[in-house]
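If you're matching them up, the sequences are chains A and B in order.
So the first sequence is numbered by full-length UniProt numbering: it starts at 1 and just counts up by one.
So the second sequence is numbered by full-length UniProt numbering: it starts at 1 and just counts up by one.
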Amino acid sequence: MSPILQGIVTIIIGVGGCVGYFYASNLILDKVIFPARGAHIGRNINRANKVRPWLFLFPAIFALSLYLVYPVIGSFYRSLFDRSGMGFIGLGNYFDLMREGTFRTAVFNNLLWVLFVPALATFLGLLVAQLTDRLSWGNIAKSLIFMPMAISFVGASLIWKFVYSANPDIGILNSMRDFFGMAPVDPVQIPFWNNFFLMFILVWIQTGFAMVILSAALRGIPEETIEAAIIDGANPFQVFFSIKVPQIMGTIVVVWTTITILVLKVFDIVYTMTGGNFGTHILPSYMMTYMFRDDGRATAVAFVIMILVLPVMVWNIRQARKEMR
Amino acid sequence: MDNIAGQNQGGRLAVNITVVILVLLWLLPTIGLFVSSFRDRDQISNSGWWQAPFAVDLNFRARVAADGMREEGGVFILEGNVFDDPALVQNFPDGEGVVAAYGTRAVAPDEFTAGEVSELRGGGTITVERDGRYRVESPEEISRGPTLYFEARTPPKFTLANYRTVLFADGMDRAFINTLTVTIPATIIPILIAAFAAYALAWMDFPGRGLLIAAVVGLLVVPLQLALVPLLKLHTDVGIGQSFFGIWLAHTGFGLPLAVYLLRNYMVGLPRDIIESAKVDGATDFQIFVRIILPLSFPALASFAIFQFLWTWNDLLVAKVFLPSGAESQVMTVKIADDLLGSRGGDWGILATAAFVSIAVPLLVFFTMQRYLVRGLLAGSVK
């Protein structure tokens with residue numbers, strides 16, 4: 001069966017199956033198990049209503065547990081075993097990783113990414129959101145800066161491969177160096193700083209996201225506070241830093257954490273640009289070097305990423321719970 | 001906020017200029033890719049894409065045929081035009097061009113300027129004029145015409161050849177279809193599952209609801225990397241293995257937390273009166289959901305569909321792990337990252353075209369549905 005046909009069949013089975021499941025399970029619940037008639041009509045209706053939420057939730061809970069909860073446990077369990085998956089070696093994989101230079105480089109680079117990318121993306125997003133707020137062509141500018149969000153990390157990497165190319169006839173950066181009489185350099189091969197050239201690609205993608213959210217937050221600031229500040233003689237910078245920024249601090253933190261989470265997942269950029277060479281590995285790309293070769297190590301690296309994500313996860317959950325109250 | 005005091009003309013200008021610079025910085029790389037994808041291979045390697053509208057100096061090679069030789073006062077003369085070489089007909093279809101420099105060695109194609117007389121290695125002299133006419137003079141009979149190298153201005157040339165190569169010869173057409181095959185079911189299936197769950201979480205009362213919502217928020221940030229090894233093993237154990245079916249399930253699972261979260265946030269904001277009056281009128285939860293909630297939630301459904309579409313279309317990681325690595329099931333991102341970058345690493349025209357083919361559909365979706373995307377982003381961020 002060709003994949004396209006298989007796809008169509010899957011859509012039909014998937015959608016039909018979902019609708020069928022919800023319809024049939026509700027029907028059975030109301031008509032067969034707890035029929036709303038006879039002697040126990042009141043009790044039956046109440047019972048049916050107690051069960052129904054779980055009918056609605058079951059497919060989602062099932063898929064979530066299988067595809068997201070089970071892997072957390074499964075990965076940790078697997079990381080305690082050696083390459084073959086037979087020999088239990090406790091935390092051996094983790095100790096081996098610690099001893100490896102590339103792993104330490106990857107952790108160090110990943111910390112750089114986590115510090116630099118969210119900071120710069122949020123800052124630029126805020127800057128653009130503020131600057132375009134009063135421009136007549138602000139919406140067009142925003143739309144264009146938002147555009148990289150739609151581009152894949154692989155596509156974006158290729159786009160920037162052109163910009164960074166060491167050949168002055170292809171890379172615009174080196175063409176400028178050439179213009180000023182400097183020898184061409186390959187930005188992705190300069191030790192240490194190459195990391196920042198790679199990070200900038202992600203900043204380029206994520207600034208639009210930060211801008212959209214922060215722009216909406218800026219619009220939501222009550223106008224009276226700003227007017228009062230202006231009447232009191234605040235200059236535009238004071239209005240921005242002392243009146244606006246404190247009021248949208250919550251949103252800034254949300255944007256920051258969202259981008260942080262993303263940074264800890266993205267392996268495509270490093271994979272496409274350098275393949276981890278020239279000291280640019282980060283944890284997700286480093287994990288892929290073990291994928292299909294040594295599952296024990298791969299899951300150990302994945303679990304290290306999970307540990308790094310954990311504080312943000314806890315913070316997110318607490319925020320969400322506070323919100324619901 | 002147009003009326004902010006203290007904004008002078010200079011400030012406005014500075015703001016405008018800053019935004020223009022930022023927009024250019026954000027736009028130029030993509031434009032470069034776009035322009036490059038239409039350029040000729042030789043032109044790409046000889047001038048930057050920002051010079052695409054201008055003529056380029058390119059190097060060519062012409063063979064001088066020895067059969068037109070004649071003798072004048074003891075000197076053997078060979079005359080002709082370099083642009084008449086049949087091998088160059090593609091580059092100079094009307095047999096005309098401007099020679100900037102020429103040479104007789106491949107390593108120095110621009111050794112002499114046009115019109116200059118130079119010595120030939122085997123004795124004798126040669127001149128190439130700007131219009132391409134050459135004249136070889138030799139005291140001895142010329143048995144084999146020398147090979148000329150010259151640098152000529154070539155007009156800018158835009159071609160669809162890269163697209164033809166990428167789409168029909170390089171297997172990108174297959175990868176495009178594969179991407180589409182992965183994306184569509186992986187976008188549609190999670191929506192329904194998530195919508196029912198979101199309704200239960202938003203409008204049904206049951207113990208443990210708060211806990212479940214917190215769990216969904218927590219699962220939003222679980223790194224995908226954790227799922228790869230255990231799920232691939234699970235898929236292999238149950239017989240799905242690396243296949244399209246497997247990747248649909250994987251994308252469905254990974255997309256669910258965002259879907260549930262986004263849809264719940266939206267549904268919770270729907271007016272309570274409508275739902276309660278429907279209940280009073282005797283509608284069941286199932287009817288309320290299908291007849292009222294689903295149609296009213298259309299904007300949120302669209303938002304999530306766009307997110308999931310962009311995410312699955314652009315994904316590299318899941319496709320690398322859950323699909324077999326052969327050419328018949330490669331998606332575009334894998335094709336570019338694993339295949340083209342290796343085999344066509346230096347062929348910038350092909351790379352640019354492949355990248356553009358892969359980002360064209362997301363860009364189209366992005367620009368037509370930006371409204372929903374923005375709305376979804378705003379609903380999806382915990383405020």
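Heads up, the beta-carbon is just placed ideally off N, CA and C, and yes, glycines get one too.
C-alpha distance - residue i paired with residue j, whole-angstrom precision
i: Val255/A; j: Ile44/B; result: 39 Å
i: Gln247/A; j: Thr257/A; result: 18 Å
i: Ile275/B; j: Ile288/B; result: 7 Å
i: Trp113/A; j: Ala234/A; result: 36 Å
i: Leu377/B; j: Leu264/A; result: 20 Å
i: residue 387/B; j: Phe209/A; result: Residue 387/B lies beyond the residue range present for chain B, which begins at 1 and ends at 383; the question has no answer from this structure.
i: Gly255/B; j: Leu301/B; result: 13 Å
i: Pro223/B; j: Ser2/A; result: 32 Å
i: Met1/B; j: Met182/A; result: Its pLDDT being 45, under 50, Met1/B is placed unreliably in this model, and the coordinates cannot settle the point.
i: Trp193/A; j: Gly279/A; result: 10 Å
i: Gly125/A; j: Asp169/A; result: 32 Å
i: Ala36/A; j: Lys279/B; result: 15 Å
i: Asn28/B; j: Tyr271/A; result: The question names Asn, but residue 28/B in the sequence shown is Leu. Between Leu28/B and Tyr271/A, the C-alpha separation is close to 23 Å.
i: Ala5/B; j: Ile230/A; result: Unreliable placement is indicated for Ala5/B, whose pLDDT of 46 sits below 50; the coordinate value is still reported in the next sentence. C-alpha separation (whole angstroms): 7 Å.
i: Phe267/A; j: Pro284/A; result: 5 Å
i: residue 390/B; j: Ile201/A; result: The question about residue 390/B has no answer, for chain B in this structure spans 1 to 383.
i: Tyr56/A; j: Phe34/A; result: According to the sequence as given, residue 56/A is Phe; it is not Tyr. Roughly 17 Å separates the two Cα atoms.
i: Phe162/A; j: Phe196/A; result: 17 Å
i: Leu296/B; j: Met267/B; result: 8 Å
Alpha helix (DSSP H) segment containing residue i, residue limits
i: Leu232/B; result: 225-238
i: Arg321/A; result: 295-324
i: Asp42/B; result: 41-46
i: Ser285/A; result: 283-290
i: Ile126/B; result: Per DSSP, Ile126/B belongs to no alpha helix (DSSP H); it is in the beta strand (DSSP E), 125-128.
i: Lys31/A; result: Per DSSP, Lys31/A belongs to no alpha helix (DSSP H) and is neither H nor E.
Residue span of the beta strand (DSSP E) that contains residue i, given as start and end
i: Met99/A; result: Per the sequence shown, the amino acid found at residue 99/A is Arg instead of Met. Counting along the chain, Arg99/A falls outside any beta strand (DSSP E), though it belongs to the alpha helix (DSSP H) covering 92-99.
i: Phe179/A; result: Looking at the DSSP string, Phe179/A is not in any beta strand (DSSP E); the run it does join, the alpha helix (DSSP H), is 172-179.
i: Tyr199/B; result: First-last for Tyr199/B: 172-203, but that is the alpha helix (DSSP H), not the beta strand (DSSP E).
i: residue 385/B; result: What the structure shows of chain B is the stretch from 1 to 383, and residue 385/B is not part of that stretch, so it cannot be assessed.
i: Tyr134/B; result: 133-138
i: Val56/B; result: 56-63
Where residue i sits in the DSSP three-state scheme
i: Asn91/B; result: coil
i: Val321/B; result: helix
i: Ile201/A; result: helix
i: Ser243/B; result: coil
i: Asn235/A; result: coil
i: Gly6/B; result: Per-residue confidence for Gly6/B stands at a pLDDT of 48, beneath the threshold of 50, marking its modelled position as unreliable; no derived number is given.
i: Lys383/B; result: Note that Lys383/B has pLDDT 40, beneath the 50 cutoff, so the model's placement of it is unreliable and the number below is only indicative. Reduced to three states, the DSSP call for Lys383/B is coil.
i: Ile77/B; result: strand
i: Met149/A; result: helix
i: Glu227/A; result: helix
i: Asp169/A; result: coil
i: Gly85/A; result: coil
i: Ala152/B; result: strand
i: Glu71/B; result: strand
i: Asp315/B; result: coil
i: Ala101/B; result: strand
i: Glu116/B; result: coil
i: Ala52/B; result: coil
i: Ala119/A; result: helix
Contact check, residue i vs residue j, beta carbons under 8 Å
i: Leu258/B; j: Phe322/B; result: no
i: Leu317/B; j: Ser75/A; result: no
i: Ile261/A; j: Lys244/A; result: no
i: Pro156/B; j: Ala65/B; result: no
i: Leu201/B; j: Arg264/B; result: yes
i: residue 384/B; j: Arg321/A; result: Since the first and last residues shown for chain B are 1 and 383, residue 384/B lies out of range.
i: Val19/B; j: Ala141/A; result: yes
i: Thr125/B; j: Glu119/B; result: yes
i: Asn91/B; j: Phe112/B; result: no
i: Arg39/B; j: Trp50/B; result: no
Flag this pair as touching only if the segment 9-23 of chain A and the segment 183-197 of chain B have three or more C-beta atom pairs under 8 Å; answer yes or no.
Segments in contact, yes.
Hey, is the segment 304-313 of chain A in contact with the segment 181-197 of chain A, meaning 3+ C-beta pairs nearer than 8 Å?
Too few Cβ pairs lie closer than 8 Å, so no.
Can at least three beta-carbon pairs, one atom from the segment 227-235 of chain B and one from the segment 163-174 of chain B, be found at a separation below 8 Å?
The segment 227-235 of chain B is not in contact with the segment 163-174 of chain B.
Any chance the segment 320-336 of chain B sits against the segment 145-160 of chain A, with 3 or more Cβ pairs inside 8 Å?
With a cut-off of 8 Å on Cβ pairs, the segment 320-336 of chain B is in contact with the segment 145-160 of chain A, counting three or more such pairs.
Is the segment 132-150 of chain B close to the segment 93-105 of chain B, with three or more CB pairs under 8 Å?
Contact between the segment 132-150 of chain B and the segment 93-105 of chain B is present, because at least three Cβ pairs lie under 8 Å.
Report yes or no: do the segment 126-142 of chain B and the segment 79-99 of chain B share at least 3 C-beta pairs separated by less than 8 Å?
Output reads yes: the segment 79-99 of chain B touches the segment 126-142 of chain B.
With a cut-off of 8 Å, do at least 3 Cβ pairs link the segment 350-368 of chain B to the segment 157-168 of chain B?
The segment 350-368 of chain B, when compared against the segment 157-168 of chain B, does touch it at the 8 Å Cβ threshold.
Mind the definition here: the segment 204-214 of chain B touches the segment 66-73 of chain A only if three or more C-beta pairs lie below 8 Å; say whether that holds.
Contact check between the segment 204-214 of chain B and the segment 66-73 of chain A: fewer than three CB pairs, one atom from each, fall below 8 Å, which does not count as touching.
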